[in-house]
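Asker: So that we are looking at the same thing, I have put the structure below in structure tokens.
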Amino acid sequence: MPNFTLWYKMFTEVTRGADVYVGVEEWDTFIKTYQLPETRRRDAIFGSLMSLATSYKYQKLGNSIRDYFLKTNTPMPIVIAAKYVQLCGRLEGPEREEKVLQAYAELKKLSRLGIFDATTAQTVIDALYRTSQWKECIRLREIIQVLDAVGPTVNGKIVAGAFLHDDPDTAGEFLRVIQTAKQALIPVALIAWYDYACRIGQVEVMKMLEHTRNAEWFIPLEVANKLKARMESQADEDGYRWRGRFTTISMKGECKACGAYLEPITITKEEFLKLRDNFFRLVVETSDVFLRSNPKEVAEFREFVEINAPFDLVIDGLNAAYFQHEAQRVTSRKLAERLRMVVEYVTTRNVGPKKVLVLGRKHMRSWPIDEMRRISRAAKLFYAENISQDDPFLLYAALFSGPQCDFMSSDLMRDHRFKLESKENQDALQKVFLKWQRTHQLQILKVFPDGTVKLKPPMRFDTVAQWTKDSMHIPYESGVPRGLHEIPTNWLCLTKGSADTTRI
Ligand SMILES: [Zn+2]
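In the working numbering, the protein residues as written are 1149 to 1652.
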């Protein structure tokens, strides 16, 4: 087991909080103090110190480790040499290029055929993509590909390398790879892409924004800042200056900075029917989604839905009952009470749904009868077997009910989205599912003691970047983690200045 605490202690002892160059003799003393004669142990320590030097960007310390191996005529382990390449890649300034390439040349000498393991290849790519030899990253990627799926970081760095070196064809090739693999595009790639687009001109900037919108990639804050500065600093081709503001969009789709309403999101009837058909055909009938449910139960449920549908809202009962409760400690009375509060709240509001289905489990039949009666007065109740998965039941009832039906669950439904494996148009269907989910999923945010429930309503506005000739609204990634089905809550609003005051 690696002893991280010990390594960190050694690191602070050597550096005392600053980047220092440690001479060979000092290293020897250090090795003696820590009794590290065994080569493998010594290499492990140097390896972890080099990792820490890379994290802290301690170039002198890294140099001194490399020099220790050189001066004592000991071959540097490949993993340490790769870390050193990575460290050199973190230098800012004109010497970076030379240092990285020199360190990489040394690394190559350590491997007879210039072939590395996947981790080493990844580590090196991290430094190499910013140098003139960035195309070497494509060769290294092939090494990784032999053994493993290539992740978004490696693919994204190749894209970044290509844009940094004005090679849009190669960048485009790897953007397609990333898009096909449904990976996120990493910030460094988006930044390099934006900078490239700016070098070409405004048309290219708009092309980039359109491409990222269609691929559902979101620009990082750094790009949002640059875009704002660019639009504000120069007049557009018609002589207008633009004003940029960071903002949020209300649930109704209103921009809080300029007051404009964003283009409403719509699922066409055709899209909805196609989604429903595919869900029924592929998820319900042919896949293993209902595997843990018995066929009789599935048939009973389908019949129940056919008789009672259409619903306006389908609630995941257990999910609502356990909301704000600790699963281990809570009594069935508390659970029933919580579910009843949610059901009564949504059914008694003026604008609330008229017909509600609560999906429960058989064991809920033993919950306090008074509470359960109140629930069944307000909504239809279906009890699934305790072992069944409830999401497929929930999605089935909601989709069966038609496009007006919402559902309430905190589940992200990822599995089901990815099961929409129609041979043709798989991507398009998954996008429709995601759009349907965004516009139909309610989540409970808080239940108050007085029975009021704060809900996160479905989004009713289009969640993608959009622009007209007078304004642009672009969501950006602020760094706050978000669910896959959620879009960033931060937007950049850009509006054209009025002709009277800002015409130049
Ligand atoms: Zn706005």
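A virtual CB, placed ideally from N, CA and C, is assigned to each residue, including glycine.
Please state the DSSP three-state secondary structure of Q1591.
Answerer: For this step, residue 1591 is matched to residue 443 along the sequence shown. Note: Q1591 maps to strand in three-state DSSP.
Asker: For S1514, collect the residues of the same chain with a Cβ closer than 8 Å to its Cβ; drop the 5 residues on either side in sequence, then sort them by chain order.
Answerer: Translated into positions along the sequence shown, residue 1514 becomes position 366. Counting only Cβ-Cβ distances below 8 Å, and skipping sequence neighbours, we find S1480.
Asker: Between which two residues does the beta strand (DSSP E) carrying M1556 extend?
Answerer: For the purposes of this step, residue 1556 is taken as residue 408 along the sequence shown, with counting starting at 1. That run of the beta strand (DSSP E) goes 1554 to 1556.
Asker: Given this structure, state the Cα-to-Cα distance separating E1492 from P1623, to the nearest angstrom.
Answerer: To locate residue 1492, count along the sequence shown from 1; it is residue 344. To locate residue 1623, count along the sequence shown from 1; it is residue 475. So the two alpha carbons sit approximately 36 Å from each other.
Asker: Kindly indicate which residue of R1278, G1309, I1263 has the alpha-carbon position closest to the one of I1292.
Answerer: Your numbering for residue 1292 matches position 144 in the sequence shown. Among R1278, G1309, I1263, the Cα nearest to that of I1292 is on I1263.
Asker: Return yes when the C-beta of T1637 is under 7 Å from any heavy atom of ligand 1, and no when it is not.
Answerer: Counting from 1 along the sequence shown, the entry for residue 1637 is found at position 489. No, the beta carbon of T1637 sits no closer than 7 Å to any heavy atom of ligand 1.
Asker: Give every residue of the same chain whose Cβ lies closer than 6 Å to the Cβ of Y1204, excluding the five residues on either side of it in the sequence, and list them in chain order.
Answerer: Your numbering for residue 1204 matches position 56 in the sequence shown. The answer is none, since no qualifying residue turns up.
Asker: With I1463 as the anchor, note down where its beta strand (DSSP E) starts and where it stops.
Answerer: Against the sequence shown, residue 1463 aligns to sequence position 315. Unbroken beta strand (DSSP E) run through I1463: 1461 to 1464.
Asker: Say yes only if the C-beta of S1398 is nearer than 7 Å to one or more non-hydrogen atoms of ligand 1, and no if none qualify.
Answerer: Along the sequence shown, one-based indexing puts residue 1398 at 250. The answer is no for S1398.
Asker: What residues in its chain sit with their C-beta under 8 Å from that of L1197, if we drop five residues either side in the sequence?
Answerer: Here residue 1197 refers to the residue found at position 49 when the sequence shown is read from its first residue. If we look at L1197 and ignore the five residues flanking it on each side, its Cβ neighbours are W1155, M1158, F1159, V1162, L1209, I1213.
Asker: For ligand 1, I want to know if R1641 counts as a neighbour, meaning its beta carbon is within less than 7 Å of at least one of the ligand's heavy atoms.
Answerer: Here residue 1641 refers to the residue found at position 493 of the sequence shown. Going by the sequence as given, residue 1641 is Cys instead of Arg. Yes, Cβ of C1641 sits closer than 7 Å to a heavy atom of ligand 1.
Asker: How would you write the range of the beta strand (DSSP E) that I1622 sits in, first residue to last?
Answerer: Translated into positions along the sequence shown, residue 1622 becomes position 474. Per DSSP, I1622 belongs to the beta strand (DSSP E) from 1619 to 1625.
Asker: If you check the beta carbons only, do A1308 and A1332 fall under 8 Å apart?
Answerer: Start at 1 with the first residue of the sequence shown, and residue 1308 comes out as number 160. Start at 1 with the first residue of the sequence shown, and residue 1332 comes out as number 184. Contact: no.
Asker: Shorter than 7 Å, the distance from the beta carbon of S1106 to the closest heavy atom of ligand 1, or not?
Answerer: No information on residue 1106 is available, as it lies outside the stretch 1149 to 1652 that the chain covers here.
Asker: Between P1629, K1510, L1505, which has its C-alpha nearest I1535's C-alpha?
Answerer: The residue labelled residue 1535 in the question sits at position 387 within the sequence shown. Among P1629, K1510, L1505, the Cα nearest to that of I1535 is on K1510.
Asker: To the nearest angstrom, how far is it from the Cα of T1650 to the Cα of A1613?
Answerer: Taking the sequence shown and counting its residues from 1, the one referred to as residue 1650 is at position 502. Taking the sequence shown and counting its residues from 1, the one referred to as residue 1613 is at position 465. Reliability of the predicted coordinates at T1650 is poor, the pLDDT of 45 falling under 50, and no value is obtained from them.
Asker: Could you tell me which of R1361, M1224, K1602 sits nearest to I1635, measuring between CA atoms?
Answerer: Here residue 1635 refers to the residue found at position 487 of the sequence shown. For the residues R1361, M1224, K1602, the minimum Cα distance to I1635 belongs to R1361.
Asker: Is A1408 near ligand 1, in the sense that its beta carbon is under 7 Å from a heavy atom of that ligand?
Answerer: Walking along the sequence shown from the start, residue 1408 turns up at place 260. True, at least one ligand heavy atom lies under 7 Å from that Cβ.
Asker: When DSSP labels each residue in this structure, what does K1089 get in the three-state scheme?
Answerer: Outside the displayed span of the chain (1149 to 1652) sits residue 1089, for which this structure offers no information.
Asker: Helix, strand or coil: which one does DSSP assign to I1263?
Answerer: Against the sequence shown, residue 1263 aligns to sequence position 115. In the structure shown, I1263 sits in coil (DSSP, three-state: anything other than H, G, I, E or B).
Asker: Rank A1201, V1506, K1247 by C-alpha distance to the C-alpha of I1228 and give the top, closest one.
Answerer: Taking the first residue of the sequence shown as 1, we reach residue 1228 at position 80. Comparing Cα-Cα distances from I1228 to each of A1201, V1506, K1247, the minimum goes to A1201.
Asker: For the alpha helix (DSSP H) that contains T1643, what are its first and last residues?
Answerer: Counting from 1 along the sequence shown, the entry for residue 1643 is found at position 495. Note, T1643: premise wrong, no alpha helix (DSSP H); beta strand (DSSP E) at 1638 to 1644.
Asker: Using DSSP bridges, identify the partner residues of P1368.
Answerer: For the purposes of this step, residue 1368 is taken as residue 220 along the sequence shown, with counting starting at 1. The partner list for P1368 (beta bridge, DSSP) reads E1625.
Asker: If you draw a straight line from the C-alpha of R1188 to the C-alpha of L1288, how long is it?
Answerer: Within the sequence shown, numbered from 1, the residue matching residue 1188 stands at position 40. Within the sequence shown, numbered from 1, the residue matching residue 1288 stands at position 140. Their backbone Cα atoms lie some 27 Å apart in a straight line.
Asker: Give me the Cα-Cα distance between K1579 and I1306, rounded to the nearest whole angstrom.
Answerer: The residue you call residue 1579 lines up with position 431 of the sequence shown. The residue you call residue 1306 lines up with position 158 of the sequence shown. Going by the C-alpha atoms only, they are around 26 Å apart.
Asker: For the pair the region 1233 to 1248 and the region 1271 to 1278, tell me if three or more CB-CB distances fall below 8 Å.
Answerer: Touching, per the Cβ criterion.
Asker: Is K1205 helix, strand or coil by DSSP?
Answerer: For the purposes of this step, residue 1205 is identified with residue 57 of the sequence shown, where counting begins at 1. Three-state result, K1205: coil.
Asker: Closer than 7 Å to a non-hydrogen atom of ligand 1 - does that hold for the CB of T1730?
Answerer: The requested residue 1730 is not part of the displayed model; the chain covers only 1149 to 1652.
Asker: Hey, is C1403 close to ligand 1, as in C-beta under 7 Å from one of its heavy atoms?
Answerer: Counting from 1 along the sequence shown, the entry for residue 1403 is found at position 255. Checking the Cβ of C1403 against ligand 1 gives yes.
Asker: Classify I1397 as helix, strand or coil using the three-state DSSP reduction.
Answerer: If you number the sequence shown from 1, residue 1397 lands on position 249. Of the three classes helix, strand and coil, the one that applies to I1397 here is strand, per DSSP.
Asker: Bridge partners of A1532, per DSSP?
Answerer: As a position in the sequence shown, residue 1532 is number 384, starting the count at 1. Per DSSP, R1509.
Asker: For R1391, which residues does DSSP report across the bridge?
Answerer: For this step, residue 1391 is matched to residue 243 along the sequence shown. The partner list for R1391 (beta bridge, DSSP) reads T1643.
Asker: Decide if L1218 is buried, meaning its Cβ has at least 16 other Cβ atoms within 10 Å, or exposed.
Answerer: As a position in the sequence shown, residue 1218 is number 70, starting the count at 1. Counting Cβ neighbours within 10 Å, L1218 comes out exposed, since fewer than 16 surround it.
Asker: Of the choices D1167, R1391, P1597, T1637, whose alpha-carbon is the least far from that of M1620?
Answerer: Position 472 of the sequence shown holds residue 1620. Per the Cα distances, R1391.
Asker: In whole angstroms, what is the alpha-carbon distance linking S1199 and W1365?
Answerer: Taking the first residue of the sequence shown as position 1, residue 1199 is located at position 51. Taking the first residue of the sequence shown as position 1, residue 1365 is located at position 217. Going from the Cα of S1199 to the Cα of W1365 covers about 31 Å.
Asker: Looking at ligand 1, does it come within less than 7 Å of T1587, judged from the CB to the closest heavy atom?
Answerer: As a first step, residue 1587 is located in the sequence shown; it is residue number 439 there, counting from the start. For ligand 1, not one heavy atom lies less than 7 Å from the Cβ of T1587.
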